[in-house]
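Notes for the one structure printed next.
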Amino acid sequence: MRINLCSVLVDDQDKALRFYTEVLGFVKKTEVPLGEDRWLTVVSPDDPDGTELVLEPDGHPAAKPFKQALVDDGIPYTSFAVDDVRAEFKRLRELGVRFTQEPVEMGRVTVAVFDDTCGNLIQIAHQG
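Each step along the sequence shown adds one to the number in the working numbering, with nothing skipped, and position 24 is 24.
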């Protein structure tokens with residue numbers, strides 16, 4: 001068994017696609033129209049056949065309160081692995097990304113948390 005899809009709930013698929021590709025560096029893999037929304041996925045350019053991240057519309061009534069509760073408590077919705085948290089923090093900050101937690105070492109793991117502009121906090125992490 002392996003993970004092939006995971007989702008992040010977004011408030012605007014176009015804005016999310018721009019942020020996740022142009023800022024974070026993922027690449028679009030799938031885009032299929034589904035009524036007002038799309039089945040929209042991105043992947044790591046380093047693993048184009050790997051796990052797909054679905055940019056899932058947050059239209060379900062439970063989605064926005066759930067997302068807001070996580071943000072209010074400072075809890076990241078998901079985590080992405082990076083080779084160097086401090087370098088990625090610097091790169092993203094220069095692109096205007098707002099961080100809610102600057103890089104911090106937690107034992108062998110270094111993490112930072114940013115706002116994805118689509119209603120989520122996202123963690124970047126590296127285990128040394």
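Where is the CB? At the ideal position from N, CA and C, for every residue including glycine.
Between the options, which has its C-alpha nearest residue i's C-alpha?
| i | options | result |
| --- | --- | --- |
| residue 98 | 30, 9, 53 and 19 | 19 |
| residue 107 | 121, 59, 1 and 125 | 125 |
| residue 112 | 47, 103, 8 and 118 | 103 |
| residue 85 | 21, 118 and 128 | 128 |
| residue 83 | 59, 58 and 46 | 46 |
| residue 100 | 118, 35, 110 and 122 | 122 |
For residue i, does the count of other Cβ atoms within 10 angstroms reach 16, so buried, or fall short, so exposed?
| i | result |
| --- | --- |
| residue 14 | exposed |
| residue 6 | exposed |
| residue 73 | exposed |
| residue 95 | exposed |
| residue 110 | buried |
In this structure, how does DSSP classify residue i when only helix, strand and coil are distinguished?
| i | result |
| --- | --- |
| residue 114 | strand |
| residue 17 | helix |
| residue 97 | coil |
Whose C-beta lies closer than 8 Å to the C-beta of residue i among residues of the same chain, with five residues either side of it excluded?
| i | result |
| --- | --- |
| residue 120 | 8, 9, 10, 67, 70, 71, 76, 77 and 78 |
| residue 3 | 51 |
Ignore the nearest five residues each way along the sequence and tell me which others in residue i's own chain have a CB closer than 7 Å to its CB.
| i | result |
| --- | --- |
| residue 134 | Nothing about residue 134 can be read from this structure; the chain reaches only from 1 to 128. |
Item checked: Every unbroken alpha helix (DSSP H) inside the stretch 34-91 [4 residues or more] -> You should have 63-72.
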